[in-house]
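Report on the structure given below.
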Amino acid sequence: SGVLEILVNPSEDTHKSMFITKYIAGKLRTVSNDTSKREEEFLSTRKIQDYMINKARKNKVAIVELESYEIARLQISDLIINKVEQIIADHDQEV
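The sequence shown runs 7 to 101 under my numbering.
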């Protein structure tokens, strides 16, 4: 198959920082300006992330742990290159 699925998984601290930063920068308009409400929204977001992680593991979807953008970029690049090589090899076998 020519489909590549990757789930990027930031640590809870990194995810929270990203969540708050996007609110402050005005890039995440769905987040409340009320601090306690924003905390609830973040916890709900983490539940969704945890659900997606469990689904990814069950379905053997690649999970890239987001510890640094550079490392994640390299890991994603490697996954893409490997997938392209696999597609080419599969195509060569068909011909």
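Glycine included, C-beta positions come from ideal geometry on N, C-alpha and C.
Remember, it's a predicted structure, so these values are computed and weren't measured experimentally.
Please list, in chain order, all residues of the same chain as residue i whose beta carbon is under 7 angstroms from its beta carbon, the five residues on each side excluded.
i     : result
Gly8  : Ile93
Arg52 : Glu18 and His21
Phe48 : Lys22 and Phe25
Ala62 : Leu13 and Ile69
Who are the near neighbours of residue i in its chain, counting only those whose CB is closer than 6 angstroms to its CB and skipping five residues on each side?
i      : result
Lys114 : As displayed, the chain neither begins before 7 nor continues past 101, which places residue 114 out of reach and without an answer.
Ala68  : Ile12 and Leu85
Give the DSSP bridge partners of residue i, in chain order.
i     : result
Leu85 : DSSP output for Leu85 lists no bridge partner at all.
Glu45 : Paired residues: none, contrary to the question.
Leu72 : Pro16
Inspect the beta-carbon positions of residue i and residue j and report whether they are closer than 8 angstroms.
i     : j     : result
Asn15 : Glu91 : no
Please confirm whether residue i has its beta-carbon closer than 8 angstroms to some beta-carbon of chain D.
i     : result
Glu73 : Of the protein chains in this structure there is only one, and it is not chain D.
Kindly list the residues whose CB is nearer than 8 angstroms to the CB of residue i, restricted to its own chain and excluding five residues on each side of it in sequence; keep chain order.
i     : result
Ile59 : Leu13, Asn15 and Ile69
Ser74 : none
request  = For the segment 75-86 and the segment 19-26, state whether three or more C-beta atom pairs, one from each stretch, are separated by less than 8 angstroms.
outcome  = Put simply, the segment 75-86 does not touch the segment 19-26. Fewer than three CB pairs are less than 8 angstroms apart.
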